[in-house]
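Each remark here refers to the structure printed beneath this line.
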Amino acid sequence: MAHATMAPGASQSYGSLAKLLHWITAALVFSMIALGLAMTQEGLELGERFRLYQLHKSMGVTVLAITVVRLIVRQINGVPALPAHIHGWERIAAHTAHGALYALLFAMTLTGWAMVSVAAFSVPTMLYGVIPWPHIPFLAELSAEDKKAAESVFKQTHEIFAYSLAALIGLHVAAALRHALILKDGVMSRMLPRFLVRTSAIAFCIALAALVARPGDARAYEWDVNPETSKVGFAVTAAGSTITGAFQKFQAQVKFDPDLLADAEIAVAIDMASVKTSLPEADQTLVSAEWFDVKQFPRATFRAQQAKRVGEGKFEYAGDLTVKGVTKLATLAFTVDIEGSEATAQGELTIVRADHGVGPESMAGVAIPKDVKVAMTIKALKLNN
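When the sequence shown is numbered by the numbering used here, its final residue is 398 and no position is left out of the sequence of numbers.
So, in structure tokens, the structure goes:
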């Protein structure tokens, strides 16, 4: 990255606009770190969690825009020259670090945008709840299979960039502390607002360091679900007869560690038209408008964050169940057996048909149960996180 410098005799401090954009960026980045911590807090209401995610995305887009403006300002106005006592290797390190910071700011925001664009659950982004922000067109138009593969790549690279940015910010703060407390050469004061230049930089640097010197959060493992050996099915008993059924097509994303339940997540999307039952005559009935209405509502989804332990080897997810466009709170109770890198989970949740407008109360004079239990068997391999 080119590094513009000011001509001899130019100001030895950054301009007011450059300072403003720098500190706005810093405030946004630290706020996003705080949001990341808040979003993983146990007991957080699901609606509030989604609002925090939207705010996180809004801040990311803002950082992307400000970074573009900062580069333009940097090219137009240049940057103050470093003091003469700075060694050659230090100058190279400083220029490289600044270039890497800009690159990581772009990489973080762009991979985040890409990850949202290919997510299995396409949630529109509203910047600060007001301005619609589009998905990246060519990514949003990928097939479901390609999206799944791309999301995994973007998510992993996004996390790599996040850790890299955190490490680089730590080095940046350490360098600022060195200039302010040891060298006392005024380098840091070039980026401080004028009213702070004459004050002690010690308290400022310590406060800044405290913001970034937090231990990294442990993350739950991500699992690659095998659709061939996994199953989503149901059973309904009416007039003494039991009809069993299963959905042939579904997608599931799972992040789970029994020791890190606050970071657990699950997202399941079911192709409702793929239903097959033990009574073939019922298959066409189930996809009709009165039942699943697959033409208007092709998918049903369940999404939850944070799991709760309810017994030895027993857990629960409380999340959003959406069927026929109606979203209700539902509880998925499940057990997990983890052996090395393989896991098998058995879960069950109950759908109240009337809540979602699924089917009548009776057919041909036969009462149909109001509640239907959906059973899931998930077999998955642990990904290298």
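Think of the CB as a built atom: it goes at the ideal place given N, C-alpha and C, for glycine as much as any other residue. In this text, all values refer to a predicted model and were calculated from it rather than measured experimentally.
Among the options, nearest to residue i - alpha-carbon criterion
{"i": "residue 350", "options": "300, 280, 392", "result": "392"}
{"i": "residue 281", "options": "301, 237, 79", "result": "237"}
{"i": "residue 239", "options": "387, 396, 78", "result": "396"}
{"i": "residue 128", "options": "117, 373, 389, 162", "result": "162"}
{"i": "residue 298", "options": "105, 139, 372", "result": "372"}
{"i": "residue 387", "options": "354, 324, 283, 353", "result": "283"}
{"i": "residue 66", "options": "76, 91, 51, 79", "result": "51"}
{"i": "residue 112", "options": "37, 83, 126, 148", "result": "83"}
{"i": "residue 166", "options": "253, 194, 123", "result": "123"}
{"i": "residue 384", "options": "369, 194, 176", "result": "369"}
Test item: CB-CB of residue i and residue j under 8 Å
{"i": "residue 43", "j": "residue 120", "result": "no"}
{"i": "residue 184", "j": "residue 110", "result": "yes"}
{"i": "residue 28", "j": "residue 45", "result": "no"}
{"i": "residue 347", "j": "residue 360", "result": "yes"}
{"i": "residue 316", "j": "residue 285", "result": "no"}
{"i": "residue 38", "j": "residue 79", "result": "yes"}
{"i": "residue 68", "j": "residue 48", "result": "yes"}
Burial state of residue i, where buried means 16 or more other Cβ atoms lie within 10 Å
{"i": "residue 318", "result": "buried"}
{"i": "residue 339", "result": "exposed"}
{"i": "residue 159", "result": "exposed"}
{"i": "residue 267", "result": "buried"}
{"i": "residue 64", "result": "exposed"}
{"i": "residue 70", "result": "buried"}
{"i": "residue 130", "result": "buried"}
{"i": "residue 212", "result": "The pLDDT assigned to residue 212 is 46, lower than 50, so where the model puts this residue is not dependable; a value taken from the coordinates is nonetheless given after this. Residue 212 comes out exposed."}
{"i": "residue 265", "result": "buried"}
{"i": "residue 336", "result": "buried"}
{"i": "residue 233", "result": "buried"}
{"i": "residue 151", "result": "exposed"}
{"i": "residue 242", "result": "exposed"}
{"i": "residue 322", "result": "exposed"}
{"i": "residue 178", "result": "buried"}
{"i": "residue 81", "result": "exposed"}
{"i": "residue 279", "result": "buried"}
Distance between beta carbons of residue j and residue i, contact taken as under 8 Å
{"i": "residue 125", "j": "residue 171", "result": "6 Å"}
{"i": "residue 269", "j": "residue 320", "result": "7 Å"}
Check: Between the segment 98 to 106 and the segment 152 to 164, are three or more C-beta pairs nearer than 8 Å?
Finding: Here the segment 98 to 106 does not lie against the segment 152 to 164, with fewer than 3 beta-carbon pairs under 8 Å apart.
Next item on the list: Give a yes or no on contact between the segment 362 to 382 and the segment 246 to 259, applying the rule of three or more CB pairs nearer than 8 Å.
Entry: Yes, since at least three Cβ pairs between the segment 362 to 382 and the segment 246 to 259 fall closer than 8 Å, the two stretches touch.
Next item on the list: Would you be able to state if there are at least three C-beta pairs under 8 Å between the segment 283 to 303 and the segment 253 to 260?
Entry: Result yes; three or more Cβ-Cβ pairs closer than 8 Å.
Margin query: Under 8 Å: do the segment 318 to 328 and the segment 302 to 309 share three or more Cβ pairs, one atom per stretch?
Written below: Touching, no, given that fewer than three Cβ pairs across the two stretches are closer than 8 Å.
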